[in-house]
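Colleague: From first to last, the protein sequence lines are chains F and W. Per our numbering, residue 801 is the first one in the first sequence, and the count goes up by one each step. Per our numbering, residue 3 is the first one in the second sequence, and the count goes up by one each step.
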Amino acid sequence: MLSTLIWFPILGAIAIAFLPLRQPKLVALTVSGITLLWSLWVASQFDFTDSLQLQEYLPWLETLGLNYQLGVDGLSLPLLMLNGLLTWIAIYSSQEDVKRPRLFYSLILLVSGAVAGAFLAQNLLLFFLFYEVELVPFYLLISIWGGEKCNYAATKFLLYTALSGTLILVAFLGLVWLEGADSFAYKALMGQSLPQWLQIVLLSFILVGFGIKIPLMPLHTWLPDTYVAASTPVAILLGGVLAKLGAYGIFRFGLGLFPEAWATLAPGLATWATVSVLYGATIAIAQKDIKRMVAYSSIGHMGYILLGGAALTDLSLVGAVAQMVAHGLILAILFHLVGVIESKVGTRELDVLNGLMNPVRGLPLVSALLILGGMASAGIPGLVGFIAEFLVFQGSYSVFPVQTLLCVVGTGLTAVYFVILLNRTCFGKLDNAIAYFPKVEWRERVPALILAITIFFLGIQPTWLVRWSESTTHTMVSATLAQPTIAQAADSPLPASQTSLP
Amino acid sequence: MTTQTLPQTLIPPSTHEFADIIHRLEAGGSMLPDTPENLMQIIGIYKAYAVPMDFYWRGVSSISGRVFLNPLPAFKYFLPKEYLDLHNHYAGDDADLRIWRGEATAHPELLEFMEKGEVKQKLPKLFHHLWHDRINMEFAEACMRAMFWHRGMGGQFDPYLDSEEYKANADRAIRAYFRGNPAMLGLYQLFPDMFLEQVRELSYYANLGLFWEVMAPVFFEMSDLYDEGKLTTVPEAMNFLVNGIFAIAGRPIYHHVYIQGECYEIIPKSKGFMWLYEAALPYVEAVFYRTSPFRGTKSYNAQAKQVPTDQKEFHYGILYADVFPVGSAGIPPTLLMQDMLHFLPPYLLDYYKQHCRNEDDMLIQLGISFQRSMYNVTSAVIQALRTALLYPLDDTNPKHLLANRQFFETQLDRFKRPEARLRDIQRQDYR
């Protein structure tokens, strides 16, 4: 059942690449649509009370400890659905006249299958393989279909993520070798008994490795160049899916495999998260390119995820998972809309853009949806961003009050740069000299409308956002809460309201 | 393409910012470049403007003469049959002064629209009204208010509104209108100036009605001549307007009110107020140039001195208006554009469908065509004033030509402001 989520898009990618199909976009849309529906069906079969489920096992290279082991839990299921949705959105929002369409769509489907494989893998080596598989397709997607300085950005992305992969592989191999295990099976490696300093060393590799992927400051320098250079569909996948793979990796392998070390490093992680949040938001304020502004906002918002993970309460961890989904949706809608604006207006410069809310000659619906995206990102109640951020803050405050409050300030800064963006882009007077933009077709509005509806729906019905991960995150918290360091970090025992969800 | 040629050798070229346009005016041309595309746009718009104008003049005349001081004028935009059937005094066989060849009765397209509206279905009149499926009389009232608000733009009509004679005439009409209504008469005793001010406003309704009564058949005839191939250049179109202005210049501007079958002459015809000086010129000044900064979505910050303290400095009219944001500064373009949209000739519809966002931004496209057409009308007014006050264009006296030059330059100085659209309409791709 789970294999379908991996191999169906990969087979689709192969078919598009090698068969003489006339409409590769339609085929890619169909394949990704079926994959999305399949992930929803998997969700319908999900047992909220059980942790890992729908497991699949196939012996492969047992001497290496590499087996085909899949499973889904509350951490991976929301991200699988997000991956399915954003892949479909990315394909749909691609230009009709995209060059080398067969290669383009096959690479996107390949990425989708590889990311699903990484989310589902229950074997460290298998995870690593899937993790690395998406690297080259992304490199090609950025360098072939990117904008200005795309080769530079793609190379930078390749180097950073290759380093990320190396660090993660070192951590995995170190864990298995030092533990003396004969398998890379995830479950077998949980509850290992390495000395704490060794755990901290290995966890550090994991943190830096996945921290590059997220990315966290100061490992982020590839992100602005890459996000800006990438075409809109690729930017959606980079920000919406790939960054989540980094956050997923930190929780699954950092927190999951090294809970004791995690508890020790938690205050430092919370501080790291806070610095990332404030740095991302502050730098975003200074940007003049709206795509770069959105890219920097991503650094800030991914910091909330780390804060939730560091605080390690039921509420904060559920919030962190929710933030992964929320951020994926919000970033996708923002990148899509920025892409539409760029394609119609021909610029992303804040100093040039103005008056796009104009009802006749502007891009009124695009502007309205951009405002909605900005509001969601700034954590306005009623939208999905509020739910995720509120859960993180509510869950983290009792453990790391200072860091949490500073992150709340970061939310305020988010509102500042989005007000700047929206005020300059959407409002004001449309410049007569340049206001001859082509109209936005319904085809171009559909992805943003779907994302907006999802953002709104999950904002007013948050159960649909958090219920998948409650059981899994509770298990992770329970496994770690016994550690003395995290208990010391909190001055007093956590109130019941903050250790369990209502 | 121009009707006359400038005796180039007699005076040196202008060094004005708009020297090319001034030379064009001196050669008998218009501020609008003479291109077939411009001609097609302005004539099409004149036609689309004339149909609702045929309603406007009847509507404002009805309000000034019949609705008068009705304290609850909820149905003032419902044109009474007698005003719908009213014959134009300048067109048709029974015209007082037949200048134009068209019919005296309301235009057939207007009658069809009034019956079925945009929904193309005959429904109760109130439904069409509330659905805003009607001619927007609010636009006509906005034009009237612009004239009334900018009082003192020259002429004798406006000073007359403050004269004792006018007050006495208005008083008679007010008392007659509220005869048998002690409440309103009591209010009149308490606040006589308020009622008097209302009557002054109604006099401007009358003024505007008489102005538009002339203009509607002018525009209809221009459209017909263009369709027949008899108007082939922009200067020809302008000169048609100039000739029309002079033909009609002396027609009276008055305000008569009909109360219980009796006519009260608040401004009698005998005062000799002339159409050109008391209606046309104030209208152009108030509506084309000035209007007010309170229209639509564009906001001005008076505290930041974005609004001049002197009303003479107001430049929010159609010659300056930014029509991109529909509902912006100037005469409320949204309403007029909406009205004109219903009556566009097929060739103009096809033209708009070929540009910009096709049907989606037709309101703006036709708004810009309207702006072009009003620059042509303003050119006609400038040429008419030059004819009336100065010298012929083919005068051989260099001093006279320099006086003409100075006049044109002074007129065009008003378009040096950055928001003026004179520069834009020189470009064909301004749409």
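The beta-carbon is built from N, C-alpha and C at its ideal position, and this holds for glycine as well. Small disclaimer: the values here were computed from a predicted structure and weren't measured.
(1) Per DSSP, what kind of secondary structure is H18(W) in: helix, strand or coil?
(2) For the candidate residues H109(W), F242(W) and M276(W), whose alpha-carbon lies nearest to that of A251(W)?
(3) H402(W) by DSSP, collapsed to three states: which one?
(4) K1239(F) touches chain W at which residues, Cβ-Cβ below 7 Å?
(5) Within 8 Å of any Cβ in chain W, is that where the Cβ of V911(F) sits?
(6) Is the beta carbon of L1131(F) sitting closer than 8 Å to the one on G1040(F)?
(7) The alpha helix (DSSP H) spanning H1136(F) covers which residue range?
(8) What residue range is occupied by the uninterrupted alpha helix (DSSP H) comprising W762(F)?
(9) Specify whether the stretch 1009-1024 of chain F and the stretch 934-945 of chain F touch according to this definition: at least 3 beta carbon pairs, one from each stretch, less than 8 Å apart.
(10) From T293(W) to M1017(F), what distance separates their C-alpha atoms?
(11) Just by C-beta distance, which residues in the stretch 913-928 of chain F are closer than 8 Å to chain W?
(12) Quick one: residues in its chain with C-beta nearer than 6 Å to the C-beta of I806(F), no 5 flanking neighbours on either side, listed in chain order?
(13) Check whether the Cβ of R1243(F) lies closer than 8 Å to any Cβ atom in chain W.
(14) My guess is that L852(F) and Q845(F) are in contact by the Cβ rule of under 8 Å, so how many angstroms apart are they, rounded?
(15) Let me know if D36(W) comes out buried or exposed under the rule of 16 or more other beta-carbons within 10 Å of its beta-carbon.
(16) Note down, in chain order, every chain W residue with its Cβ under 7 Å from the Cβ of R1161(F).
(17) Would you call the stretch 1163-1171 of chain F and the stretch 1209-1227 of chain F in contact, with 3 or more CB pairs under 8 Å?
(18) Here's the rule: buried if 16 or more other CB atoms are within 10 angstroms of the residue's CB, otherwise exposed. What is R1148(F)?
(19) Ends of the alpha helix (DSSP H) at Q855(F)?
(20) Would you check if the distance between the CB atom of P254(W) and the CB atom of K271(W) is smaller than 8 Å?
(21) Does the stretch 116-127 of chain W come into contact with the stretch 93-104 of chain W, if we say contact requires no fewer than three beta-carbon pairs (one atom in each stretch) closer than 8 Å?
(22) Thinking just about the alpha-carbon of each residue, which of H1274(F), I1220(F), H1136(F) and K949(F) is nearest to the one in T1113(F)?
(23) Residues in its own chain within less than 6 Å of E111(W) by CB, not counting five upstream and five downstream?
(24) How long is the line joining the alpha carbons of A249(W) and R1245(F), rounded to whole angstroms?
(25) Could you tell me if Q999(F) is buried or exposed, where buried requires 16 or more neighbouring beta carbons within 10 angstroms of its beta carbon?
(26) Hey, could you find the ends of the beta strand (DSSP E) V1166(F) is sitting in?
(27) Among the candidates L1115(F), H1101(F) and F1200(F), whose CA atom is the shortest distance from the CA of G1179(F)?
(28) Does the stretch 1116-1124 of chain F come close enough to the stretch 865-885 of chain F that 3 or more CB-CB pairs lie under 8 Å?
(29) Please confirm whether A1168(F) has its beta-carbon closer than 8 Å to some beta-carbon of chain W.
(30) Quick check: what's the CA-CA separation for E166(W) versus R359(W)?
(31) Between which two residues does the beta strand (DSSP E) holding C265(W) run?
(32) Where do the ends of the beta strand (DSSP E) carrying V259(W) lie?
(33) Do A962(F) and N867(F) have their CB atoms nearer than 8 Å?
(34) With a floor of 3 residues, list each beta strand (DSSP E) that falls wholly inside the stretch 269-293 of chain W, ordered by position along the chain.
(35) Starting from the C-beta of Y354(W), find all residues in its chain whose C-beta is less than 6 Å away, skip the five residues before and the five after it, and write them out in chain order.
Modeller: Reading from the atomic positions:
(1) coil
(2) M276(W)
(3) helix
(4) R359 and D362
(5) no
(6) yes
(7) D1114 to V1145
(8) The structure shown does not extend to residue 762(F), since chain F is modelled only from 801 through 1302, so no value can be given for it.
(9) no
(10) 56 Å
(11) none
(12) G913, A916 and G917
(13) no
(14) Incorrect: roughly 14 Å between the Cβ atoms, too far for contact.
(15) buried
(16) F326, D363 and I366
(17) yes
(18) buried
(19) From DSSP, Q855(F) is part of no alpha helix (DSSP H) but of the beta strand (DSSP E) over Q853 to L861.
(20) yes
(21) no
(22) H1274(F)
(23) V53 and F345
(24) 56 Å
(25) buried
(26) Where V1166(F) is concerned, there is no enclosing beta strand (DSSP E), although the alpha helix (DSSP H) it sits in stretches over P1164 to S1177.
(27) H1101(F)
(28) yes
(29) no
(30) 56 Å
(31) E264 to I269
(32) H257 to I261
(33) no
(34) none
(35) M364 and Q367
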